[in-house]
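**Q** In terms of the UniProt record's numbering, the sequence shown is residues 1 to 218.
Where is the CB? At the ideal position from N, CA and C, for every residue including glycine.
Keep in mind that this is a model prediction, so the values were computed, not measured.
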Amino acid sequence: MKAKAKYGQALRLASTTQLTREQWLATRKLGIGSSDAAVAVGLSPYKCPLSLWLEKTGRKEPEDISHKEAVLWGIELEPVLAQVYAKRTGYKVRRVNAVLQHPEQPFMLANLDREVVGHPDGPGILEIKTASYHSAPQWEEGVPVAYQCQVLHQLAVTGHAWAEVAVLIGGQDFRIYRIERDEEKIQDLTEREAQFWQMVQQDQQPEPDGSSDATNAL
Numbered sequence: 001m002k003a004k005a006k007y008g009q010a011l012r013l014a015s016t017t018q019l020t021r022e023q024w025l026a027t028r029k030l031g032i033g034s035s036d037a038a039v040a041v042g043l044s045p046y047k048c049p050l051s052l053w054l055e056k057t058g059r060k061e062p063e064d065i066s067h068k069e070a071v072l073w074g075i076e077l078e079p080v081l082a083q084v085y086a087k088r089t090g091y092k093v094r095r096v097n098a099v100l101q102h103p104e105q106p107f108m109l110a111n112l113d114r115e116v117v118g119h120p121d122g123p124g125i126l127e128i129k130t131a132s133y134h135s136a137p138q139w140e141e142g143v144p145v146a147y148q149c150q151v152l153h154q155l156a157v158t159g160h161a162w163a164e165v166a167v168l169i170g171g172q173d174f175r176i177y178r179i180e181r182d183e184e185k186i187q188d189l190t191e192r193e194a195q196f197w198q199m200v201q202q203d204q205q206p207e208p209d210g211s212s213d214a215t216n217a218l
């Protein structure tokens with residue numbers, strides 16, 4: 001069996017340069033991706049653990065949101081915002097083009113929008129977001145909790161010491177938030193994700209949490 005290539009601490013599970021949607025979905029079923037992290041631990045305002053469990057166990061197909069305007073604009077603006085970040089900070093960014101896997105927790109997977117290189121603090125993660133004007137209040141006190149989970153998950157997988165979240169709010173308010181590696185938070189997140197993944201492996205359904213998403217999932 002061919003050994004997996006390394007990417008810093010992480011393992012390269014699969015290249016994303018020519019991955020079809022079907023291959024992408026199959027890869028996602030192998031573990032918990034960074035965008036799944038908040039959902040798995042019950043901290044997502046949009047999706048419940050039960051819904052994610054149904055997807056991971058093959059009982060439900062993930063919703064295809066690729067046609068939605070917010071998603072389309074997010075994809076279109078990602079390279080632009082990466083360039084804006086590089087210009088404003090003076091640091092280079094690069095694509096990783098791989099699904100990364102934690103070397104000790106193989107269920108933890110991650111895709112990075114960009115990696116920051118040439119920084120005095122070492123390599124970092126750049127997570128890029130677009131947000132509507134109406135969601136601006138969610139960013140007033142920093143990065144929303146669900147996105148914090150996403151970034152902490154990425155830091156866990158890569159072993160990097162820091163990340164920055166670049167967000168464009170309402171089309172003209174560009175902000176950069178720093179998130180430092182926090183071992184205590186990462187350990188807590190990892191343990192809670194492991195509990196969820198054990199339920200997937202043991203085919204043990206999570207209890208519905210009373211959310212509308214859980215009701216729809218049932």
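Report the option in Val41, Arg88, His153 and Trp73 whose CA atom is closest to the CA atom of Ser132.
**A** By one-based count along the sequence shown, residue 132 stands at place 132. For Ser132, the nearest C-alpha among the options comes from Trp73.
**Q** Here's the rule I'm using: 16 or more other beta-carbon atoms within 10 Å means buried, otherwise exposed. How should Gly33 be labelled?
**A** Sequence index remark: in the sequence shown, residue 33 carries index 33 (1-based). So Gly33 ends up on the buried side.
**Q** How do the segment 81–92 and the segment 170–184 stand: do at least 3 beta-carbon pairs fall below 8 Å, yes or no?
**A** yes
**Q** Suppose you measure from the CA of Lys60 to the CA of Thr89; what does that come to, to the nearest Å?
**A** As a first step, residue 60 is located in the sequence shown; it is residue number 60 there, counting from the start. As a first step, residue 89 is located in the sequence shown; it is residue number 89 there, counting from the start. If you take the alpha carbons of Lys60 and Thr89, they lie about 42 Å apart.
**Q** Please go through the segment 38–62 and give each complete beta strand (DSSP E) segment of 3 or more residues, from N-terminal end onward.
**A** For the segment 38–62, not a single whole beta strand (DSSP E) run of length 3 or above is found.
**Q** Measuring CA to CA, which of Ile128, Gly142, Asn111 and Gly170 is closest to Ala37?
**A** The residue given as residue 37 occupies position 37 in the sequence shown. Considering only alpha carbons, the answer is Asn111.
**Q** Measure the CB-CB distance between Val117 and Glu164 and report whether it falls below 8 Å.
**A** Translated into the one-based positions of the sequence shown, residue 117 becomes position 117. Translated into the one-based positions of the sequence shown, residue 164 becomes position 164. No.
**Q** Compute the beta-carbon to beta-carbon distance between Arg21 and Leu100, rounded to the nearest angstrom, for a pair I have assumed lies under 8 Å.
**A** Looking up residue 21 in the sequence shown gives position 21. Looking up residue 100 in the sequence shown gives position 100. Not a contact, Cβ separation roughly 19 Å.
**Q** State buried or exposed for Lys2, treating a residue as buried only when at least 16 other CB atoms are found within 10 Å of its CB.
**A** Position 2 of the sequence shown, counted from the first residue, corresponds to residue 2. Below a pLDDT of 50, predicted positions are generally treated as unreliable, and Lys2, at 44, falls in that range; the measurement from the model is reported next regardless. Exposed, by the Cβ-count rule.
**Q** Could you pull out every residue in the same chain whose Cβ sits closer than 8 Å to the Cβ of Ser135, ignoring the five residues on either side in sequence?
**A** Looking up residue 135 in the sequence shown gives position 135. The answer, listed in chain order, is Ile169.
**Q** Per DSSP, what kind of secondary structure is Ser15 in: helix, strand or coil?
**A** As a first step, residue 15 must be located in the sequence shown, where it is residue number 15. DSSP places Ser15 in strand when its eight states are reduced to three.
**Q** Between which two residues does the alpha helix (DSSP H) containing Glu191 stretch?
**A** The residue given as residue 191 occupies position 191 in the sequence shown. Per DSSP, Glu191 belongs to the alpha helix (DSSP H) from Glu183 to Gln201.
**Q** Measure the CB-CB distance between Glu193 and Val41 and report whether it falls below 8 Å.
**A** The residue you call residue 193 lines up with position 193 of the sequence shown. The residue you call residue 41 lines up with position 41 of the sequence shown. Yes; because the gap between Cβ atoms is below 8 Å, this pair is in contact.
**Q** Could you tell me the alpha carbon to alpha carbon distance between Ala214 and Tyr91, rounded to whole angstroms?
**A** Taking the first residue of the sequence shown as 1, we reach residue 214 at position 214. Taking the first residue of the sequence shown as 1, we reach residue 91 at position 91. Residue placement at Ala214 is poorly supported in this model, since its pLDDT is 48, which falls under 50; the coordinates still yield a value, given next. Each residue's Cα considered, the two are about 42 Å apart.
**Q** Give the DSSP-derived three-state secondary structure of Lys87 in the structure shown.
**A** As a working mapping, residue 87 is identified with position 87 in the sequence shown. For Lys87, the three-state secondary structure derived from DSSP is helix.
**Q** Can you tell me whether Glu99 is helix, strand or coil according to DSSP?
**A** Here residue 99 refers to the residue found at position 99 of the sequence shown. Note that residue 99 is Val in the sequence shown, not Glu. Three-state DSSP puts Val99 in a strand.
**Q** Under the three-state reduction of DSSP, which class applies to Asp173: helix, strand or coil?
**A** In the sequence shown, the residue the question calls residue 173 occupies position 173. Strand.
**Q** For Asp203, I'd like the list of residues in its chain whose CB is within less than 7 Å of its CB, leaving aside the five on either flank, ordered along the chain.
**A** Counting from one through the sequence shown, the residue named residue 203 turns up at place 203. Excluding residues within five positions, the ones whose Cβ falls inside 7 Å are Thr57.
**Q** Give every residue of the same chain whose Cβ lies closer than 8 Å to the Cβ of Ala161, excluding the five residues on either side of it in the sequence, and list them in chain order.
**A** By 1-based counting over the sequence shown, the position of residue 161 is 161. Result list for Ala161: Asp121, Gly122, Gly124, Leu155, Glu180 and Arg181, in chain order.
**Q** Would you call Tyr46 buried or exposed, if buried means 16 or more other Cβ atoms sit within 10 Å of its Cβ?
**A** What you label residue 46 is simply residue 46 of the sequence shown in a count that begins at 1. Burial call: exposed.
**Q** Report the rounded CA-to-CA distance for Glu55 versus Pro79, giving the unit in angstroms.
**A** Position 55 of the sequence shown holds residue 55. Position 79 of the sequence shown holds residue 79. Their Cα atoms are separated by approximately 30 Å.
**Q** Cutting at 7 Å between CB atoms, please list the residues of its own chain near Leu52, excluding the five before and the five after it.
**A** Taking the sequence shown and counting its residues from 1, the one referred to as residue 52 is at position 52. Correct list, in chain order: Asp36, Val39 and Ala40.
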